[in-house]
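Visitor: Residue numbers (my numbering): 1 to 680. Glycine included, C-beta positions come from ideal geometry on N, C-alpha and C. Note that this is a predicted model, so its numbers are computed, not measured. Structure incoming, see below.
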Ligand code: ADP
Ligand code: ZN
Ligand code: ZN
């Protein structure tokens, strides 16, 4: 009887896969293991789940050293070679071991030490089939722009990346749905199977889209994948995708790693959104991986946005991506809102609100229309200070202020989550009159209640929606019309199709104008266009108010605001691209950021200094190591070093050699590498 050996990828930082012996069990004939199956193996002192990446007749590991695999999950059909290839690409590109990419992409229940039975999940899946079969909801008649877009997407053959550049409210969702419907129908006609992946930026947008999809495609199995799912649900939905059962998969960025054997179309809504970038662990860009996946499978991919990322815009301008445009709003009589700037030097705000904005809110209240106030800062005030001695409430563990949270009676550090009681008096001089400086959503809410005691005001931010389901309940009540004034952070700015909202007020956007991060203006512009896009989506009602956006600013002549007023993304983007070209920054430069952290800043800096000198780097620019802006978080000091090159292959080759050397370096600093960083 010949031995069989398997090579297994495990979730460890060691950049290698591991061999195990798969023993023929004398009494019971066993199936030969297959590549892509999950195996349970001993690893160190524990048992770990891994993915079989090779099956072979011999191993280089000496016979007395090699361990026996414990079990193979035969119930689960193997992950495909295509899927493993995706993981391998991501591992290579982001300079991580394969196992660290592939294993976390699986639902927890499959990779735990304890083996969970698949029976229940599979049974649940079978039940999804027997959903009753209401008639599909009517699709609106597409306008010409939408029709052309749908036709173009449906007719695309092979790898066809398409930018769907459509103003807010132009009906991009409708284009996605009808393109999806055409792809499903075409597959049915050919007697093949099709799956469609739709990525969205916010968990909170899932219910809205899921509702649309389910009512339009009754009977078509739909699965959602996002981090808000309970583990059992996550497993069922993942299986639905993996087994080819789910035809439409909706998800946030993590869904890009789903196993989708019949994938025929990928759609990324709001492709510019920062949430597609994972910001911890494997710091991947779901958008970039999606484009890679579409190329791998030779299928079309649609990137939708009113404010495309400069990367995507650049691809479209240079002809690498096709561009489809929707210039007008879709709903009958809906037009883009009028954007006005309120000069805060002239119209001095009280409670953070200028008299112009208060007047506009009042008008909406009188007419029973809804308003939205956008302030991208949660909490009551960003800092608490003592006028008498100059004391300021710093976090004892971070280079940051403690944010005042008044309703919770707490000071909270937004970096390390430390919570302290609000001091009754100044810890230094005893002054009891401590002053909150600045304004967060809670303080604006409080001010609004004073100005409009009769109004129904709702705040939506990360604090008000901590409990599971509370965000959905809050959004539902806005849609139902139970709210007059909605105040919130970026959570409320994206994607929601509020039908009765005719006023958007933007408080305090100025700080981003002067950020040293060159991406700040791109982000601010997108944010303002997005939030402005929540107003006037349904068209003006008879006798109702024209929709408008009021931006409170101290810099009313700033060109960025000029572009927002003109709804002129094209010019803004073209100018910005030219600036980026001249400055030699992305998308004209490829970057990787090496981060190091340690108890002492010097340890981190020393490691980075060593890294800067440790290998040949012709054609690569290595910048000086610098402490991060928020240097200390949770008593750990952090520093970073930026490596860049105008050539992506050159940077990739360098990173590979560099990582090998750094892994062999002894240091007390913890370090990590991020490829294509967005926050520098
Ligand atoms: P976007 O995603 O481009 O911001 P949506 O897809 O949310 O826009 O569409 C905005 C609104 O217009 C939605 O309420 C949608 O139902 C409606 N809509 C879309 N297409 C049409 C159409 N062809 N005719 C009428 N209404 C439409
Ligand atoms: Zn004091
Ligand atoms: Zn802190």
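Relative to the alpha-carbon of residue 608, which residue among 590, 570 and 666 has its alpha-carbon at the smallest distance?
Guide: Nearest of 590, 570 and 666 to residue 608, Cα basis: 666.
Visitor: Residue 594: which of 534, 680, 543 and 629 sits nearest, CA to CA?
Guide: That would be 680, whose Cα lies nearest to the Cα of residue 594.
Visitor: How close, in whole Å, do the beta carbons of residue 474 and residue 460 come, if the pair is a contact with beta carbons under 8 Å?
Guide: Between residue 460 and residue 474 the Cβ distance is about 5 Å, and since that is below 8 Å, they are a contact.
Visitor: Below 8 Å, can you find three or more Cβ-Cβ pairs linking the region 493-505 to the region 658-677?
Guide: Touching, no.
Visitor: Threshold first: 4 residues or longer. Then list the alpha helix (DSSP H) segments lying entirely within the region 90-129, N to C.
Guide: Runs of the alpha helix (DSSP H) inside the region 90-129: 98-102, 108-111 and 119-128.
Visitor: Within its chain, find whatever has a CB closer than 6 Å to the CB of residue 651; leave out the 5 residues flanking it on each side and keep chain order.
Guide: Correct list, in chain order: 590 and 645.
Visitor: What is the rounded straight-line gap between the Cα of residue 615 and the Cα of residue 15?
Guide: C-alpha separation (whole angstroms): 19 Å.
Visitor: Helix, strand or coil for residue 559? Go by DSSP, reduced to three states.
Guide: In the structure shown, residue 559 sits in a helix (DSSP, three-state: H, G or I).
Visitor: Helix, strand or coil for residue 406, going by three-state DSSP, please let me know.
Guide: Coil at residue 406, not helix or strand.
Visitor: Nearest-angstrom Cα distance between residue 44 and residue 8?
Guide: If you take the alpha carbons of residue 44 and residue 8, they lie about 14 Å apart.
Visitor: Using the three-state DSSP reduction, which class does residue 159 fall into: helix, strand or coil?
Guide: Coil at residue 159, not helix or strand.
Visitor: If you reduce the DSSP assignment to three classes, tell me which class residue 292 lands in.
Guide: Three-state result, residue 292: helix.
Visitor: Closest by CA to residue 122, which one among 101, 337, 74 and 239?
Guide: Among 101, 337, 74 and 239, the Cα nearest to that of residue 122 is on 239.
Visitor: Using three-state DSSP, classify residue 15 as helix, strand or coil.
Guide: In this structure, residue 15 counts as coil in the three-state DSSP scheme.
Visitor: Check the DSSP bridge columns for residue 46 and list the partner residues they point to.
Guide: In DSSP, residue 46 forms a bridge with 43.
Visitor: When you compare only the Cα positions, how much space is there between residue 344 and residue 354?
Guide: Approximately 7 Å, taken between the alpha carbons.
Visitor: Within 10 Å of its beta-carbon, does residue 516 have 16 or more other beta-carbons around it, so buried, or fewer, so exposed?
Guide: Classification for residue 516: exposed.
Visitor: Can you tell me whether DSSP reads residue 631 as helix, strand or coil?
Guide: Three-state DSSP puts residue 631 in a strand.
Visitor: How would you label residue 298, buried or exposed, when you count the other beta carbons within 10 angstroms and need 16 or more for buried?
Guide: Answer is exposed; the Cβ neighbour count stays below 16.
Visitor: In chain order, what are the residues with a CB under 5 Å from some non-hydrogen atom of ligand 2?
Guide: That gives 386, 388, 389, 391, 426, 428, 429 and 431.
Visitor: Considering Cα atoms alone, identify which of 418, 342 and 539 is closest to residue 328.
Guide: The shortest C-alpha separation from residue 328 is found at 539.
Visitor: Rounded to the nearest angstrom, what separates residue 219 and residue 134 at their Cα positions?
Guide: Taking the straight line from one Cα to the other gives about 8 Å.
Visitor: From the DSSP secondary-structure annotation, give me the bridge partner or partners of residue 389.
Guide: According to DSSP, residue 389 bridges with nothing at all.
Visitor: Should the region 96-106 be called in touch with the region 185-195, which here means at least 3 C-beta pairs below 8 Å?
Guide: Contact between the region 96-106 and the region 185-195 is absent, because fewer than three Cβ pairs lie under 8 Å.
Visitor: Report whether the distance from the Cβ of residue 170 to the nearest heavy atom of ligand 1 is below 7 Å.
Guide: Residue 170 Cβ: within cutoff of ligand 1.
Visitor: Nearer than 7 Å: is that true of the beta carbon of residue 413 relative to any heavy atom of ligand 3?
Guide: Because some heavy atom of ligand 3 lies under 7 Å away, the Cβ of residue 413 counts as near it: yes.
Visitor: Counting Cβ pairs closer than 8 Å, one from the region 296-310 and one from the region 259-271, do we hit at least three?
Guide: Yes, the region 296-310 is in contact with the region 259-271.
Visitor: Would you tell me roughly how many angstroms separate the C-alpha atoms of residue 356 and residue 157, rounded to the nearest one?
Guide: The straight-line gap from Cα to Cα measures roughly 53 Å.
Visitor: Note down the Cα distance separating residue 592 from residue 253, rounded to an integer number of angstroms.
Guide: Rounded to the nearest angstrom, the two C-alpha atoms are 21 Å apart.
Visitor: In whole angstroms, give me the CA-to-CA distance for residue 565 and residue 338.
Guide: Cα to Cα, residue 565 sits roughly 7 Å from residue 338.
Visitor: Is the closest heavy atom of ligand 1 to the C-beta of residue 142 under 7 Å?
Guide: Indeed, a heavy atom of ligand 1 lies less than 7 Å from the Cβ.
Visitor: Measure the alpha-carbon distance for residue 196 versus residue 150 and round it to whole angstroms.
Guide: Roughly 15 Å separates the two Cα atoms.
Visitor: Closer than 7 Å to a non-hydrogen atom of ligand 3 - does that hold for the CB of residue 416?
Guide: True, at least one ligand heavy atom lies under 7 Å from that Cβ.
Visitor: Tell me whether residue 82, by its Cβ, gets closer than 7 Å to a heavy atom of ligand 3.
Guide: Not under cutoff, so the answer is no.
Visitor: Rounded to whole angstroms, what's the CA-CA distance from residue 92 to residue 287? Just pull it up for me.
Guide: Going by the C-alpha atoms only, they are around 17 Å apart.
Visitor: Roughly how many angstroms separate the alpha carbons of residue 642 and residue 621, rounded to a whole number?
Guide: Each residue's alpha carbon lies about 8 Å from the other.
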